[in-house]
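Chains P and V supply the protein sequences, listed in that same order. When the first sequence is numbered by this note's numbering, its final residue is 208 and no position is left out of the sequence of numbers. When the second sequence is numbered by this note's numbering, its final residue is 416 and no position is left out of the sequence of numbers. Note that CB positions come from ideal geometry on N, CA and C, so glycine has one too.
2 protein chains.
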Amino acid sequence: MERAIQIVVIEDDEIIREGYALLIGRTEGYRVVNAYASFDEAAKTIADDYPDVILLDIELPGTNGIQAIPKLKKLLPHAYILILTVYESEKTIFEALASGASGYLTKNTPASKIVESIREVKDGGGPMSVNIARMVIRSFRKNQESPLSKRETQILEQVAEGKSRSQIARDLFIDLETVRSHIKNIYLKLDVNSRADAIKAAKENKLI
Amino acid sequence: MERAIQIVVIEDDEIIREGYALLIGRTEGYRVVNAYASFDEAAKTIADDYPDVILLDIELPGTNGIQAIPKLKKLLPHAYILILTVYESEKTIFEALASGASGYLTKNTPASKIVESIREVKDGGGPMSVNIARMVIRSFRKNQESPLSKRETQILEQVAEGKSRSQIARDLFIDLETVRSHIKNIYLKLDVNSRADAIKAAKENKLI
DNA sequence: TATTTATTCACCCTATTAGGGTGATTGTTT
DNA sequence: AAACAATCACCCTAATAGGGTGAATAAATA
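Next comes the structure, spelled out in structure tokens:
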């Protein structure tokens, strides 16, 4: 048999922390080598635990979970980080994933699913709760009923890429004045009067 | 008991199509009301099937799966679309999700998982294969070893929001010349000499 | 059919902007 | 000691953005 997957839990609530340790530890092939109540406490000795997977809570005293991710990455470049939290805000999730978390599960996830997810993370997968996946999917979905026409949307996308009017005109094989005209109409429809404001409004309304 | 979930399958390979119909239809609470070999064929009568969930293949003759999504949405605004395909390219996935697909599964997904996913989609969730989730997560992850400093990254982000130098200076409470200096250094490091090129390079390297 | 909308283009104007060059100061990290 | 990060200064000019006003043609829609 292979060596058991070494797991470290970082979670401030003692009940939950011990609960995880117990639940996961009793599964064959999974070994909880240590459990900490905060990142600041974990930082001292976690390198000696040689964890394969770190279960990390977001709401931690001192250094919070998001801040802890890059620090953990530095301490243990090869460990996978699995976020396990009650937070479901879009911002938090994306911050965690952008910082290098390998997965994101909510605390209502059943123990069997958590164990399965640890295996998936270890094998290079990226598990997500149903709610998280839904959020990610929604974040990718553009608003269906856009006030902008196809052409306007296309031009706004290029504006958001930092292109100048003349660049856009060249790329779309239309006149500079036409681009100008479209941008004016975009500003009218979005009730803005600058590139930055148009981009902001468009992102907020998922028009681009 | 509740009314069974009505499912329509659109898949050109007959073996796979009938396989899905059989596998899903034998599960209680799930009813495959129809199966089509192409969207163009389905378009004629699918509205009479009143499906709750549509299993959609990407590689279809004629109108492909991605193109079919908005058309299906128009025909059946309340149906959920679940992509079931071998394609795993990042672009394809995001196109599908952006077009309004509710979920994305790969064809190596076991039947039990597919059935479970249909239920999840119906209940408002968004299922994704492990591989897909991994891809989505990777797409959210920023490059860890960025050549840019924190400040430079921050300024580049604002440039990508379409802000002018003076706007950035105001927002960061620093001098206009400082912003200029940072942007010059960003251009140097990224080997570009325009906003548009800097944004492009930064996105390609996941620096922002 | 009538009317709106989309897409295209034109010319007026000016303050602002972007980008290149060159150099310097003050910390912080290595 | 040396490199990097972050800050600011002043030279320059071509290009850009944004405002105003107007118009032709085609496509979609009422």
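Handout entry: Within-8 Å CB hit, Gly308/V to chain P
Key = As a first step, residue 308/V must be located in the second sequence, where it is residue number 100. Taking Cβ atoms only, chain P reaches closer than 8 Å to Gly308/V, which makes this a yes.
Problem - Identified DSSP bridge partners for Tyr80/P - result: Start at 1 with the first residue of the first sequence, and residue 80/P comes out as number 80. The partner list for Tyr80/P (beta bridge, DSSP) reads Val53/P.
Practice task
Taking only beta-carbon positions, decide if Gly227/V is within less than 8 Å of chain P.
Solution key: On the second sequence, position 19 is the one that residue 227/V refers to. It does not; no Cβ of chain P falls within 8 Å.
Problem - Minimum Cβ-Cβ distance from Leu188/P to chain V less than 8 Å - result: Position 188 of the first sequence, counted from the first residue, corresponds to residue 188/P. It does not: the Cβ of Leu188/P has no partner Cβ on chain V nearer than 8 Å.
Exercise for the section: Report yes or no: do three or more beta-carbon pairs, one from the region 81-97 of chain P and one from the region 32-47 of chain P, lie closer than 8 Å? Expected result: no
Exercise for the section: Please classify Gly162/P: is it buried, with 16 or more other beta-carbons within 10 angstroms of its beta-carbon, or exposed? Expected result: What you label residue 162/P is simply residue 162 of the first sequence in a count that begins at 1. The residue in question, Gly162/P, is buried, as its Cβ has 16 or more Cβ neighbours within 10 Å.
Practice task
List the residues of chain V that Ala160/P touches, going by C-beta distances under 9 Å, in chain order.
Solution key: Locating residue 160/P in the first sequence gives position 160, counting from the first residue. Correct list: Ala368, Glu369, Gly370 and Ile407.
Handout entry: Euclidean distance between Cα positions of Val329/V and Leu280/V
Key = The residue you call residue 329/V lines up with position 121 of the second sequence. The residue you call residue 280/V lines up with position 72 of the second sequence. Each residue's alpha carbon lies about 16 Å from the other.
Problem - Residues of the region 51-73 of chain P whose Cβ lies closer than 9 Å to any Cβ of chain V, in chain order - result: Pro70 and Lys73
Exercise for the section: Using the Cα positions of Leu60/P and Ile69/P, report the straight-line distance between them to the nearest angstrom. Expected result: Counted from its first residue, the first sequence places residue 60/P at position 60. Counted from its first residue, the first sequence places residue 69/P at position 69. The C-alpha of Ile69/P is placed about 12 Å away from the C-alpha of Leu60/P.
Handout entry: Contact check, Gly65/P vs Ile58/P, beta carbons under 8 Å
Key = In the first sequence, counting from the first residue as 1, residue 65/P sits at position 65. In the first sequence, counting from the first residue as 1, residue 58/P sits at position 58. Their beta carbons are under 8 Å apart, which means Gly65/P touches Ile58/P by this criterion.
Problem - Closer than 8 Å to chain P by CB, Val387/V - result: The sequence position of residue 387/V within the second sequence is 179, counting from 1. No, Val387/V does not count as interfacial toward chain P.
Practice task
Return the CA-CA distance between Lys113/P and Asp257/V, expressed in angstroms with no decimal places.
Solution key: Taking the first sequence and counting its residues from 1, the one referred to as residue 113/P is at position 113. Taking the second sequence and counting its residues from 1, the one referred to as residue 257/V is at position 49. Cα-Cα distance, rounded: 35 Å.
Handout entry: Proximal residues to Val294/V (C-beta, below 6 Å), its chain only, five neighbours per side dropped
Key = Locating residue 294/V in the second sequence gives position 86, counting from the first residue. For Val294/V, where only same-chain residues beyond five positions count, the Cβ hits under 6 Å are Lys315.
Handout entry: Neighbourhood of Glu324/V by C-beta distance below 6 Å, restricted to the same chain and skipping five residues each side
Key = Indexing the second sequence from 1 puts residue 324/V at position 116. Hits under 6 Å: none found.
Practice task
Give the residues of chain V in contact with Lys142/P, contact being defined as C-beta atoms less than 9 Å apart.
Solution key: Stepping through the first sequence from its first residue, residue 142/P is reached at position 142. Ordered by position in chain V, the residues that pass the 9 Å Cβ test against Lys142/P are Ala306, Ser307 and Gly308.
Practice task
Under 6 Å Cβ to Cβ from Glu157/P, same chain only, skipping five residues before and after it: list those, please.
Solution key: Within the first sequence, numbered from 1, the residue matching residue 157/P stands at position 157. Closer than 6 Å at the Cβ level, and outside the excluded window around Glu157/P, lie Ile208.
Practice task
Measuring alpha carbon to alpha carbon, tell me which of Ala35/P, Leu23/P, Arg3/P and Arg31/P ends up nearest Glu14/P.
Solution key: As a working mapping, residue 14/P is identified with position 14 in the first sequence. Answer by Cα proximity: Ala35/P.
Practice task
Please name the residue in Ile174/P, Ile118/P, Gly19/P and Lys150/P whose C-alpha comes closest to that of Gly29/P.
Solution key: The count along the first sequence starts at 1 and reaches residue 29/P at position 29. When each option's Cα is compared against that of Gly29/P, the closest is Ile118/P.
Handout entry: Ser357/V versus Glu95/P: straight-line alpha-carbon distance, rounded
Key = Looking up residue 357/V in the second sequence gives position 149. Looking up residue 95/P in the first sequence gives position 95. Answer to the nearest angstrom: the Cα atoms are 18 Å apart.
Exercise for the section: Could you give the DSSP three-state label for Asn108/P: helix, strand or coil? Expected result: On the first sequence, position 108 is the one that residue 108/P refers to. Of the three classes helix, strand and coil, the one that applies to Asn108/P here is coil, per DSSP.
Handout entry: Nearest-angstrom Cα separation, counted from Ser181/P out to Ser347/V
Key = If you number the second sequence from 1, residue 347/V lands on position 139. If you number the first sequence from 1, residue 181/P lands on position 181. Distance between the alpha carbons of Ser347/V and Ser181/P is about 35 Å.
Problem - Below-8 Å beta-carbon distance, Val86/P vs any chain V residue - result: The residue you call residue 86/P lines up with position 86 of the first sequence. Answer no: the Cβ-Cβ gap between Val86/P and chain V never drops below 8 Å.
Exercise for the section: Give the C-beta separation of Val136/P and Val344/V to the nearest angstrom, bearing in mind that I take them to be a contact with Cβ-Cβ under 8 Å. Expected result: Sequence index remark: in the first sequence, residue 136/P carries index 136 (1-based). Sequence index remark: in the second sequence, residue 344/V carries index 136 (1-based). Between Val344/V and Val136/P the Cβ distance is about 6 Å, and since that is below 8 Å, they are a contact.
Exercise for the section: State the Cα-Cα distance for the pair Ala133/P and Asp383/V, rounded to the nearest angstrom. Expected result: Counting from 1 along the first sequence, the entry for residue 133/P is found at position 133. Counting from 1 along the second sequence, the entry for residue 383/V is found at position 175. Going from the Cα of Ala133/P to the Cα of Asp383/V covers about 42 Å.
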